[in-house]
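Scroll down for the structure; my scribbles are underneath it.
Chains as they are written, first to last, in my numbering: chain A, 1 to 419; chain B, 1001 to 1160.
Printed below as a string of structure tokens:
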């Protein structure tokens, strides 16, 4: 057999034949995730005339986008999905209490290396941090997955990023991925499987790798992956009893592009409005006043993110002119932050804390922006109108940069606050 | 199919096609009412049945929300023509029965021109200027989904 990439290996196993880049295969899905838009999936599922789901064990449903329900229509959507979960006896359903899908699925041990995972959310690429091939799909095709367990997929070509050197001070995975998106452009990795390798990735926590894989889709990637190592083993230990084997690219496998970067000395990065690839080092935009600062989301709402913000804010006060909103990504993260004292410290510094969920990231609730307002956020998109008024602006950065900016009331370099 | 052209630029994202603040509502008429609202407030008001959107690179980037192609389809859009599409939007559009055309020469259209498209043959004509363009037709199995009116009727046909 020819040498194969990670993407080829997963899709070959899932389709039961040797799969080559560019080919379209019908793949058997290992895990299917939906959040609130399960209501839309359900409608298509019923319209198709499907009688029952293909495999309840392989489905995970949860609510995170609008929890607790923010409108009557959202409540009706929740109600319809809950009724379906009961009627079908689906064993893996997390109601409003657990948090964001992309945090909860790994935490609860649903994600294993080498799996083929689809979700009705574009940031489903996050699970690549544990070595899964994982991608976002639409609601109607998810209904077909619920009914048949299969989906057509084009086998992607691969881009490999060798990330060399080391990150300094408060510079973290978010700065790296913003830098890569700025370099590649919003469609620079369209349809590709993106592999992250090298010393910077080896030194990165699973949390950091989740940030990288999560935002790989903002440069168009179909999937992003960091290959399993000891950190992956440690993360999965106690979360799953299932056996797993890492799936890796063969060393001689054909890769479309190899990109070598030395990240030593990389500065904190910020994405300007209104596109995620409009990225510059923080010093180029320091001084822009902000009205709101958001720390949270599937990109950066984990323990290490809250801790990075706390290090900047500890013993300090956010001015009254800035609304600092903190959204833990999950109940597990929330409890950790409460029990470790990190949450108390953030609240003392002036943060408003909301329940685990997507929070204001997608402009549904919990911190919408008025015309003319500016927000700096650890979230993943800064499109026009994303977080409220189309006349508002969103800037994207790391937790430390957002915390430093909240403190100063303007976009600020975290290295100047914590040295 | 034939329709009047609405021309837009690169990276038209799903947040401007249908903003997150309207996503709690799964009623397609309500989606259609807000289609492209944050990019072009005139669009939803003036779009006519069969009109064609012509755009640049990476059309439909961002969220996986299927409400994006649904909003365009139910606003009356007959097809979206772009230099390239973001992958989830492309899949969703086919699945909800909204034709998508990848065309390099989108410069052959201006807003208000009339476009004539033959999806099977891969031919597109600007009836206003007389220019003709060619594109790679979709693979047969995707054209089949479009002919059936989307993945729901297509799958229903296969299941029973």
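Note that beta-carbon positions come from the ideal geometry of N, C-alpha and C, so glycine has one too. Bear in mind that the values here come from a model prediction, so they are computed numbers and not experimental data.
Within the model, the alpha-carbon separation for residue 141/A versus residue 1092/B is close to 8 Å.
For the pair residue 259/A and residue 176/A, the Cα-to-Cα distance works out to about 14 Å.
Along the length of the segment 279 to 340 of chain A, whole alpha helix (DSSP H) runs at least 4 residues long occupy 297 to 300, 303 to 313, 331 to 340, reported in chain order.
Within the same chain, Cβ atoms closer than 7 Å to the Cβ of residue 406/A are found at 293, 318, 322, 324, the five residues on either side in sequence being excluded. According to the DSSP assignment, residue 1124/B belongs to the beta strand (DSSP E) that extends over 1123 to 1126.
A Cβ of chain B is located within less than 8 Å of the beta carbon of residue 139/A.
At a cut-off of 8 Å, the C-beta of residue 1106/B has no neighbouring C-beta in chain A. Remark: fewer than three beta-carbon pairs, one from each stretch, lie closer than 8 Å, so the segment 210 to 218 of chain A and the segment 1038 to 1057 of chain B are not flagged as touching.
If you draw a 10 Å sphere on the C-beta of residue 1058/B, you find 16 or more other C-beta atoms in it, and that means buried.
The C-beta of residue 1011/B comes closer than 8 Å to at least one C-beta of chain A. Sequence-distant partners of residue 1144/B (beyond 5 residues in either direction) whose C-beta falls short of 8 Å from its own C-beta, in its chain, are 1154. Boundaries cannot be given for residue 358/A, as no alpha helix (DSSP H) includes it and DSSP labels it neither H nor E.
Under the three-pair Cβ rule at 8 Å, the segment 266 to 277 of chain A counts as touching the segment 165 to 179 of chain A.
Taken through DSSP and simplified to helix, strand or coil, residue 145/A comes out as helix.
Between residue 1109/B and residue 1007/B, the beta carbon gap of about 6 Å places them in contact (Cβ cut-off 8 Å).
DSSP places residue 60/A inside the beta strand (DSSP E), whose first and last residues are 59 to 62. The alpha carbon of residue 1158/B has as its nearest neighbour, out of 231/A, 222/A, 49/A, the alpha carbon of 49/A.
Counting along the chain, residue 1082/B sits inside no alpha helix (DSSP H); it lies in the beta strand (DSSP E) bounded by residues 1079 to 1082. Not a single C-beta of chain B is nearer than 8 Å to the C-beta of residue 133/A. Distances from the CA of residue 22/A to each of 256/A, 286/A, 3/A were compared; the closest alpha carbon is that of 256/A. Proximity to residue 78/A across 1077/B, 1079/B, 1064/B, 1024/B peaks at 1024/B, based on C-alpha coordinates. Here DSSP, grouped into helix, strand and coil, assigns residue 196/A to strand. Proximity of the segment 233 to 246 of chain A to the segment 137 to 153 of chain A falls short of the contact definition, fewer than three beta-carbon pairs being nearer than 8 Å. About 10 Å separates the beta carbon of residue 240/A from that of residue 130/A, a gap too long to meet the 8 Å contact definition.
Rounded to the nearest angstrom, the gap between the Cα atoms of residue 363/A and residue 76/A is 19 Å. Closest by C-alpha distance to residue 59/A, out of 90/A, 376/A, 42/A, is 90/A. Annotation: residue 1048/B has no Cβ neighbours in chain A at a cutoff of 9 Å; minimum Cβ distance is about 24 Å. Residues of chain A whose Cβ lies closer than 8 Å to the Cβ of residue 1026/B are, in chain order, 39, 40, 43, 73, 77.
Within its own chain, the residues whose Cβ lies closer than 8 Å to the Cβ of residue 1118/B, once the five positions on either side in sequence are excluded, are 1124, listed in chain order. Using a Cβ-Cβ distance cut-off of 8 Å, the segment 153 to 161 of chain A and the segment 183 to 197 of chain A are in contact, since at least three pairs of beta carbons, one from each stretch, lie closer than that value. Nearest Cα to residue 1132/B within the set 1156/B, 1087/B, 1141/B, 1103/B: 1103/B.
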